[in-house]
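Contents: one structure, followed by commentary.
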Amino acid sequence: GESVGLHLPTLSVQEGDNSIINCAYSNSASDYFIWYKQESGKGPQFIIDIRSNMDKRQGQRVTVLLNKTVKHLSLQIAATQPGDSAVYFCAEGRGFKTIFGAGTRLFVKA
Amino acid sequence: EPEVTQTPSHQVTQMGQEVILRCVPISNHLYFYWYRQILGQKVEFLVSFYNNEISEKSEIFDDQFSVERPDGSNFTLKIRSTKLEDSAMYFCASSEDRGHRQPQHFGDGTRLSIL
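First to last, the sequence lines map onto chains A and B.
Position 74 of the first sequence, counted from 1, bears residue number 74 in this note's numbering, the numbering being contiguous throughout.
Position 79 of the second sequence, counted from 1, bears residue number 1079 in this note's numbering, the numbering being contiguous throughout.
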């Protein structure tokens, strides 16, 4: 079936560097995407969302980019900190449900 | 910041027994959801609930599952006769408006272990 998924299961970055987590989706009709962060033992925590009428949206230290032409979105984290270590999920809002991708585990090296 | 709360944090149950997982959604939210996450896997949608009825459910949500909003604050998931494969983290979520185009806010989950 049509899905949303991440490119890499793990990503390791140096503290202070920028992180980029990528995600692809297959349904060209998809029009709402969300990034969640999940720390160990916790539930998914909302980070930022974007609607298909936008290409870019910025939050505090995070930016989401949406490329509808190639059906790709990315999450950029500026000045990555140890507290950013977690699993990051891209997700699609579809009807009443949220469809999660497989997740990328971000490791931050001190 | 308001949050979704879930109890218990960990539930251990014998196979075949009934279990009820409880959630208190964010107070002004109108839409409620249950998801599950088997260890190491994706978060999977189970069911959405609005205006005291199910609005959407997945194939996972079969006849052994039911949901209820017994009062103005609680939202429960009941599994009637648990199976080993029901072992997972179960997350409750809520949103202000319909899930589409509104972020769902998740609790920290109940770890369900079936023996």
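Beta carbons: idealized from backbone N, C-alpha and C, even for Gly.
This structure is a prediction, so every number in the text was calculated from the model and none was measured.
Contact with chain A by residue i, beta-carbon distance below 8 Å
i, result
"SER1055 (chain B)", "yes"
"ASP1108 (chain B)", "yes"
"VAL1067 (chain B)", "no"
"GLN1145 (chain B)", "The displayed coordinates of chain B run from 1001 to 1115. Any statement about residue 1145 (chain B) would go beyond what the structure contains."
Contact set for residue i: own chain, Cβ-Cβ below 6 Å, skip 5 residues either direction
i, result
"PRO1025 (chain B)", "VAL1004, PHE1032, PHE1075, SER1094"
"SER3 (chain A)", "SER26"
"GLU1068 (chain B)", "THR1076"
Buried or exposed (CB count within 10 angstroms, at least 16 for buried), residue i
i, result
"SER95 (chain A)", "Looking at the sequence provided, one finds Gly at residue 95 (chain A) rather than Ser. By the neighbour-count rule (16 or more Cβ atoms within 10 Å), GLY95 (chain A) is not buried but exposed."
"SER19 (chain A)", "buried"
"ALA29 (chain A)", "exposed"
"ASP1108 (chain B)", "buried"
Interface flag, residue i vs chain B, CB-CB below 8 Å
i, result
"PHE33 (chain A)", "no"
"LYS97 (chain A)", "yes"
"PHE100 (chain A)", "yes"
"PHE89 (chain A)", "yes"
"GLY16 (chain A)", "no"
Sub-8 Å separation of residue i and residue j beta-carbons
i, j, result
"ARG61 (chain A)", "ALA78 (chain A)", "yes"
"LEU1112 (chain B)", "GLN1011 (chain B)", "yes"
Same chain only: Cβ atoms within 8 Å of residue i, ignoring 5 sequence neighbours per side
i, result
"ARG1036 (chain B)", "VAL1043, GLU1044, LEU1046, ILE1060, ALA1088, MET1089, TYR1090, PHE1091"
Which of the residues in the segment 41-55 of chain A, read from start to end, lie with their CB under 8 Å from any CB of chain B? GLY41, LYS42, GLY43, PRO44, GLN45, PHE46, ASP49, ARG51
May I ask you to list, following chain order, the residues of the segment 1037-1064 of chain B that have a beta carbon less than 7 Å from some beta carbon of chain A? LYS1042, VAL1043, PHE1045, SER1048, SER1055, GLU1056
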